[in-house]
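2 protein chains.
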Amino acid sequence: MQISSRFTIALHILTAIHTFKDKYRVTSEFLSGSVQANPVIIRNILLQLKAAGMVKIPRGRTSESITLLKKPEEISLLSVYSAIEPLESDTLFAFHKNPNPSCPVGKNIHSILDDRLLSVQKAMEDKLKNMKLSDILSDLNQLI
Amino acid sequence: MQISSRFTIALHILTAIHTFKDKYRVTSEFLSGSVQANPVIIRNILLQLKAAGMVKIPRGRTSESITLLKKPEEISLLSVYSAIEPLESDTLFAFHKNPNPSCPVGKNIHSILDDRLLSVQKAMEDKLKNMKLSDILSDLNQLI
DNA sequence: TAAAATGTAACAATTTATATTACAATTAAG
DNA sequence: CTTAATTGTAATATAAATTGTTACATTTTA
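So the protein sequences, as listed, match chains F and B.
Letter by letter, the first sequence follows residues 18 to 161 of my numbering.
Letter by letter, the second sequence follows residues 18 to 161 of my numbering.
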């Protein structure tokens with residue numbers, strides 16, 4: 018199974034908030050137009066980013082925009098990933114429930130794999146930690 | 018979303034095939050008893066491992082066991098992962114379809130993220146490549 | 001007070017994962 | 001040659017997760 022598109026949508030959203038901050042008023046409706054996804058999906062992702070302290074979302078009839086609360090170099094892809102992906106007990110790899118406890122393999126396989134697969138997950142997270150929103154923005158500036 | 022339990026079940030299966038090769042006759046029924054999952058699920062995973070050249074599955078009424086076709090040191094966790102996970106065009110991260118092509122962000126975000134997230138995926142795969150079935154077997158031998 | 005926007009709940013649709021049943025095909029034993 | 005044990009495979013059911021939609025209360029400004 019793939020990691021859900023909510024993560025890449027969140028990166029799209031953050032990129033758009035910064036890119037258009039001086040040109041347009043950025044609302045969930047505006048962002049929904051760029052992503053081409055339902056506004057409610059955008060709002061829910063925005064709420065998760067807000068809970069992680071990354072964005073400010075003005076309420077009511079305002080002329081303000083949704084804005085970043087951190088500098089792009091301070092927003093790592095890992096922090097976005099963690100804000101968005103509600104992994105069951107933070108583990109990337111799923112296990113079959115109830116392996117046979119009276120089998121020496123069934124009894125021990127879970128804890129053995131847990132340690133090893135956690136280190137795999139950590140390798141991925143380290144890579145995400147070293148990538149920043151600013152990297153994506155500079156990639157984008159090369160293209161537009 | 019998590020990576021499906023089929024991967025960890027496959028590791029359980031391979032571990033059991035090797036661990037019990039001299040003590041029991043290893044069949045899909047036997048493995049199903051250790052994993053405590055339906056025999057058909059075990060057989061389907063076994064067929065994927067067979068397609069990857071990792072196991073030999075005797076047919077019919079035989080006294081043979083299901084056996085490994087490679088040494089445990091030659092079976093990397095990456096090869097198991099690749100045999101089992103049918104990732105859409107081999108990409109771990111999913112994207113929202115149809116971002117707005119008339120928006121500079123919508124138009125370019127996919128290709129930018131593609132490159133960067135592929136390198137994240139590669140970091141994970143490198144880690145999996147350096148772990149072997151033999152590592153899991155020696156972890157297990159410490160415990161039994 | 002009305003209009004514009006967000007926050008949130010409820011629900012529908014779609015897709016994926018997991019489990020189950022059934023049976024044809026293969027092989028060995030009697 | 002027939003029976004029994006086992007795998008291969010299809011069809012279907014169940015459950016869970018993802019994505020999309022509608023509706024409306026809440027907040028704020030004009």
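Glycine included, every Cβ here is placed at the ideal spot set by N, Cα and C.
The structure presented is a predicted model; accordingly, all values stated were derived computationally and were not measured.
If you ignore the 5 residues before and after residue 49 (chain B), its C-beta comes within less than 6 angstroms of the C-beta of 56 and 59, all in its own chain and listed in chain order. With a beta-carbon spacing of about 5 angstroms, residue 24 (chain F) and residue 101 (chain F) fall inside the 8 angstroms limit used to define contacts.
The C-alpha of residue 121 (chain B) is placed about 47 angstroms away from the C-alpha of residue 150 (chain B). Taking 8 angstroms as the upper bound for CB-CB distance, residue 54 (chain F) and residue 74 (chain F) are not in contact here, some 17 angstroms apart. Looking only at B:153, B:113 and B:140, the smallest Cα-Cα distance to residue 129 (chain F) is reached by B:153. Against chain B, a Cβ distance below 7 angstroms from residue 89 (chain F) picks out nothing, because the smallest value is about 14 angstroms.
Residues are counted here when their Cβ sits less than 7 angstroms from a Cβ of chain B; for the region 116-132 of chain F these are 116, 117, 120, 121, 122, 123, 125, 126, 129 and 130, given in chain order. The Cβ atoms of residue 42 (chain F) and residue 82 (chain F) sit closer than 8 angstroms to each other. Going by beta carbons, residue 21 (chain F) and residue 68 (chain B) fall outside the 8 angstroms limit. The C-beta of residue 123 (chain F) has 16 or more other C-beta atoms within 10 Å across all chains shown, which makes the residue buried. In the three-state reduction of the DSSP assignment, residue 144 (chain F) falls in the helix class, which pools H, G and I.
Within the region 45-64 of chain F, the residues whose Cβ lies closer than 8 angstroms to some Cβ of chain B are 50, 51, 52, 53 and 54, listed in chain order.
Between residue 51 (chain F) and residue 61 (chain B), the gap from beta carbon to beta carbon reaches 8 angstroms or more. Just measuring C-alpha positions, the residue of F:90, F:39 and F:63 sitting nearest residue 80 (chain F) is F:39. Within the same chain, 52 come within 6 angstroms of residue 29 (chain F) by CB-CB distance, once the 5 residues on both sides are set aside. Cβ-Cβ separation between residue 32 (chain B) and residue 126 (chain F): approximately 6 angstroms, consistent with a contact (criterion under 8 angstroms).
Taken atom to atom, the span from the alpha-carbon of residue 95 (chain B) to that of residue 143 (chain F) is near 19 angstroms. DSSP, reduced to helix, strand and coil, places residue 130 (chain F) within a helical segment of the structure shown.
Within the region 36-69 of chain F, complete alpha helix (DSSP H) segments of at least 4 residues are found at 45-52 and 56-68, given in chain order. With 16 or more other Cβ atoms inside 10 Å of its own Cβ, residue 34 (chain B) counts as buried.
Contact between residue 45 (chain B) and residue 63 (chain B) is confirmed by a C-beta separation of about 6 angstroms, below the 8 angstroms threshold. Out of F:137, F:18, F:115 and F:89, the CA that lies nearest to the CA of residue 36 (chain F) is found in F:89. Using beta-carbon distances, residue 144 (chain F) counts as an interface residue toward chain B, with a partner under 8 angstroms.
By the C-beta density criterion, residue 161 (chain B) is exposed, having fewer than 16 other C-beta atoms within 10 angstroms. Inclusion of residue 145 (chain F) and residue 137 (chain B) in the CB contact set at 8 angstroms is warranted, their separation being smaller than that value. The Cβ of residue 33 (chain F) sits closer than 8 angstroms to at least one Cβ of chain B. When Cβ-Cβ separations below 8 angstroms define contact, residue 156 (chain F) makes contact with chain B. The beta carbon of residue 148 (chain B) sits closer than 7 angstroms to those of 93 and 94, all from its chain and outside the five residues before and after it, given in chain order. Cβ-Cβ separation between residue 86 (chain B) and residue 97 (chain B): approximately 13 angstroms, too far for a contact (criterion under 8 angstroms).
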